[in-house]
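From first to last, the protein sequence lines are chains W and U. By our numbering, the letter at position 224 of the first sequence is numbered 224, and the numbering carries on one by one without gaps. Every number in our numbering is 291 more than the matching position in the second sequence, counting from 1. For every residue, glycine included, the Cβ atom is placed at its ideal position computed from N, Cα and C. All of these numbers come straight from a predicted model, not from anything done at the bench.
Number of protein chains: 2
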Amino acid sequence: MSGRIGTLAVIGVGLIGGSFARALREADRVEVVVGCGRGRENLEEAVRLGVVDRYTHDIGEAVSDADLVFLAVPLGAMRDAFGAMRATLPSTALVTDGGSAKASVVADCRAAAPELLGRFVPGHPIAGTEKNGVAASFAELYRNRRVILTPLEENEPHAVARVREMWEACGAEVTEMSVQHHDEVLAATSHLPHMLAFGLVDMLARMKENDEIFRYAAGGFRDFTRIASSNPVMWRDICIANRDALGPMLAAFANEMTELAKDISEADGERLLEIFERAKAARDRYVDGFK
Amino acid sequence: MSGRIGTLAVIGVGLIGGSFARALREADRVEVVVGCGRGRENLEEAVRLGVVDRYTHDIGEAVSDADLVFLAVPLGAMRDAFGAMRATLPSTALVTDGGSAKASVVADCRAAAPELLGRFVPGHPIAGTEKNGVAASFAELYRNRRVILTPLEENEPHAVARVREMWEACGAEVTEMSVQHHDEVLAATSHLPHMLAFGLVDMLARMKENDEIFRYAAGGFRDFTRIASSNPVMWRDICIANRDALGPMLAAFANEMTELAKDISEADGERLLEIFERAKAARDRYVDGFK
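In structure tokens:
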């Protein structure tokens, strides 16, 4: 391999996989893109749109000429994907992924294809939209977005450098952290908020006269619950994959809300003001500050 | 009074009070607007902007010529405001308010000026922005927004009709419901989400390495936590004013999150999928449907 990739195999040609292929094409960093997936219609659209050059439904066939494999399948499908590629993957090929939880994907690789641990570099692009499928993909998705790599002890240094280089060619800002730290940070900033949004909308939907309740929901509610329109299957997979970090964090949050409910019922104004002021200061400083 | 108001007294000339005055002026439904508040600078700006014709810091003086009084002070200041107006309020004047909780305001009126219950029509415009002060006010704030009136048993019918007429002149869609039902609907759709946003940001801010956590928060987190940038004092007041509806609802939600945390830790995929699917269906149907 030189500064370009000969053949890129994209396993799962949706928003994430399709945008990776498009971005590398636009940066002129790839010669051939092979797509792999289950839905024939989506894959034919990927060919029509020029996102992939050819496709197959067979992972072993898809990776047989690959210099780089990008695994963009749901977390629940990672283990089988590792197993399906081991027989045909060229010995110099690198593998990376785009899963939203990392410990589970590493465990999947270790279980299904342990000999790949030296050249499987786990990654997670912090990007996405509410849309799915290759039709929603676009070359700029990763521009100025963060991509977290969680290199493994077993990783060969050139593998990490190479995967980083490809993400940087997509315009992403690449950082590295440990697998465990990644999973905690994502549990806090993404998985936990999704649980609250899903949980809130679900609770209100089960209330009497729920259509009237939703009728009076204003703009703040719409923003707050937008993420509850995300894909339920994907989120089931994420929850299970990241249960070690997410379960305890959600339990801790639930305890804090029990306390807050008590503060409210007791009209403890001082305590309420303390919490709200600390939260507002943090959000104004960190979230708006990093816009 | 005819189709126009002679003198409107706006107590609290901020976003809510200022926009009400501007909208009635633009609809040519008011002759004179008197502003009342504590901050001199804000009131002078209100005169400069043409939102009010004159101002005073004294509520009794502000209402002494009023045909309609609009109380747009924080919930924690309502009781004193009722008390301050009773001596000078003309016997034909109507009173309404814009508070986000209604039972507490009605209790304040009953405690401080019970003789006003016949002509105090509680109201709540479901509108607002993150900005404060008269400079943020604009005549279109209430256009096509919902305004909930919660008429009292004691209310004279013409009082309710008149207040409704004024809100409709602002372009609002006016509906009526009971005080208690209003407070439950608002607890569910506004107050509870605010608690979760404040609580989440506060919990993350107290974590180790919190600036790194916020650094990786993506767009979904920004939307989800936007309401945590709201005014802490106002929200303390709302929580205390609506504690009877909000306290138990937040406690119930906390219990559901404890259960969900357990489902996640036990990797109960079926249960997770059920919750997420129900939530997505409700949000897609109700929230996006009412856009």
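CB contact below 8 Å: W:C170 versus chain U: Translated into the one-based positions of the first sequence, residue 170 of chain W becomes position 170. So, not an interface residue.
Contacts of U:G511 in chain W (Cβ-Cβ under 8 Å): For this step, residue 511 of chain U is matched to residue 220 along the second sequence. Here the neighbours are S190, P193, H194, R226 and I227.
Under the three-state DSSP convention, the category W:T225 falls into: Counted from its first residue, the first sequence places residue 225 of chain W at position 225. For W:T225, the three-state secondary structure derived from DSSP is helix.
Contact belief for U:C327 with U:I307 at Cβ below 8 Å, rounded distance in angstroms: Position 36 of the second sequence, counted from the first residue, corresponds to residue 327 of chain U. Position 16 of the second sequence, counted from the first residue, corresponds to residue 307 of chain U. Not a contact, Cβ separation roughly 14 Å.
Assigned secondary structure, W:I5 (DSSP; H/G/I helix, E/B strand, else coil): Taking the first sequence and counting its residues from 1, the one referred to as residue 5 of chain W is at position 5. It is a strand residue.
W:A281 - DSSP class collapsed to helix/strand/coil: On the first sequence, residue 281 of chain W is found 281 positions in, with the first residue counted as 1. Three-state DSSP puts W:A281 in a helix.
Members of the region 199-210 of chain W that neighbour chain A once the beta carbon cut-off is set at 9 Å: Within the model displayed, chain A is absent; protein chains W and U are what it includes.
Counted within 10 angstroms of its Cβ, other Cβ atoms place U:R410 as buried (16 or more) or exposed: If you number the second sequence from 1, residue 410 of chain U lands on position 119. With 16 or more other Cβ atoms within 10 Å, it is buried.
Under 7 Å by beta carbon: chain U residues contacting W:L260: Here the question's residue 260 of chain W lines up with position 260 in the first sequence. Neighbours of W:L260 on chain U, chain order: M486, G490 and L541.
U:Y346 (DSSP reduced to helix, strand or coil): By 1-based counting over the second sequence, the position of residue 346 of chain U is 55. Residue state, collapsed to three classes: strand.
Ranges of the beta strand (DSSP E) found wholly within the region 393-479 of chain U, counting only runs of at least 3: 414-416, 437-440 and 464-467
Under 7 Å (Cβ pairs) to chain W, residues found in the region 565-578 of chain U: I566, F567, E568, R569, A570, K571, A573, R574, D575, Y577 and V578
W:E266 - DSSP class collapsed to helix/strand/coil: Position 266 of the first sequence, counted from the first residue, corresponds to residue 266 of chain W. Here W:E266 sits in coil by DSSP.
Spatial distance of W:A205 from W:F276 (CA atoms): Here the question's residue 205 of chain W lines up with position 205 in the first sequence. Here the question's residue 276 of chain W lines up with position 276 in the first sequence. Cα-Cα distance, rounded: 27 Å.
Against chain U: residues of the region 96-109 of chain W by CB proximity under 9 Å: none
Contact with chain U by W:G269, beta-carbon distance below 8 Å: Translated into the one-based positions of the first sequence, residue 269 of chain W becomes position 269. It does; some Cβ of chain U falls within 8 Å.
Span of the beta strand (DSSP E), counted from its first residue to its last, around W:E31: Counted from its first residue, the first sequence places residue 31 of chain W at position 31. First-last of the beta strand (DSSP E) with W:E31: V30 to C36.
Under 7 Å (Cβ pairs) to chain W, residues found in the region 335-368 of chain U: none
Buried or exposed by the 16-neighbour rule on C-beta atoms within 10 Å, applied to W:M1: Within the first sequence, the letter at position 1 stands for residue 1 of chain W. Reliability of the predicted coordinates at W:M1 is poor, the pLDDT of 45 falling under 50, and no value is obtained from them.
Selection from U:R562, U:E447, U:L477 and U:A312 that minimises the alpha carbon distance to U:A427: As a working note, residue 427 of chain U is residue 136 in the second sequence. Per the Cα distances, U:A312.
Exposure label - W:S104; buried when at least 16 CB within 10 Å: By one-based count along the first sequence, residue 104 of chain W stands at place 104. With 16 or more Cβ atoms within 10 Å of its Cβ, W:S104 is classed as buried.
Nearest to U:A508 (by Cα), restricted to the options W:F198, W:Y55, W:D183 and W:S265: In the second sequence, the residue the question calls residue 508 of chain U occupies position 217. When each option's Cα is compared against that of U:A508, the closest is W:D183.
Where the alpha helix (DSSP H) through U:L385 begins and ends: To locate residue 385 of chain U, count along the second sequence from 1; it is residue 94. Element bounds for U:L385: not the alpha helix (DSSP H) but the beta strand (DSSP E), L385 to D388.
U:A402, buried or exposed, once every other Cβ within 10 Å from all chains shown has been counted against 16: Translated into positions along the second sequence, residue 402 of chain U becomes position 111. Burial call: exposed.
Collapsed DSSP secondary structure at W:V10 in the structure displayed: In the first sequence, residue 10 of chain W corresponds to position 10, counting from 1. Strand.
Straight-line gap, U:G538 to U:M369 (C-alpha atoms, nearest Å): Here residue 538 of chain U corresponds to residue number 247 of the second sequence, with the count starting at 1. Here residue 369 of chain U corresponds to residue number 78 of the second sequence, with the count starting at 1. Their backbone Cα atoms lie some 21 Å apart in a straight line.
C-beta neighbour in chain W for U:A458, strict 8 Å: Position 167 of the second sequence holds residue 458 of chain U. A small fix is needed here, since residue 458 of chain U is Trp in this sequence, not Ala. Chain W contact via Cβ: absent.
Span of the beta strand (DSSP E) around U:V524: As a first step, residue 524 of chain U is located in the second sequence; it is residue number 233 there, counting from the start. Counting along the chain, U:V524 falls outside any beta strand (DSSP E), though it belongs to the alpha helix (DSSP H) covering P523 to A532.
Counted within 10 angstroms of its Cβ, other Cβ atoms place W:A254 as buried (16 or more) or exposed: On the first sequence, position 254 is the one that residue 254 of chain W refers to. Flag for W:A254 reads buried.
Short CB-CB distance (under 8 Å) between W:Y216 and chain U: Along the first sequence, one-based indexing puts residue 216 of chain W at 216. With 8 Å as the cut-off, W:Y216 counts as an interface residue toward chain U.
8 Å Cβ cutoff, U:E547 in contact with chain W: Walking along the second sequence from the start, residue 547 of chain U turns up at place 256. Chain W, which has a Cβ nearer than 8 Å to the Cβ of U:E547, makes this yes.
Bounding residues of the alpha helix (DSSP H) (the contiguous stretch that carries W:L71): In the first sequence, counting from the first residue as 1, residue 71 of chain W sits at position 71. Counting along the chain, no alpha helix (DSSP H) covers W:L71; the unbroken beta strand (DSSP E) around it starts and ends at L68 to L71.
Min CB distance W:G123 to chain U below 8 Å: Looking up residue 123 of chain W in the first sequence gives position 123. Not closer than 8 Å to any Cβ of chain U, the Cβ of W:G123 fails to qualify, so no.
Residues that W:V265 contacts on chain U, provided the C-beta gap is smaller than 7 Å: If you number the first sequence from 1, residue 265 of chain W lands on position 265. One detail in the question is off: residue 265 of chain W reads as Ser in this sequence, not Val. Neighbours of W:S265 on chain U, chain order: R534 and G538.
Close beta carbons around U:E431, own chain, < 6 Å, minus the five adjacent residues each side: What you label residue 431 of chain U is simply residue 140 of the second sequence in a count that begins at 1. The answer is none, since no qualifying residue turns up.
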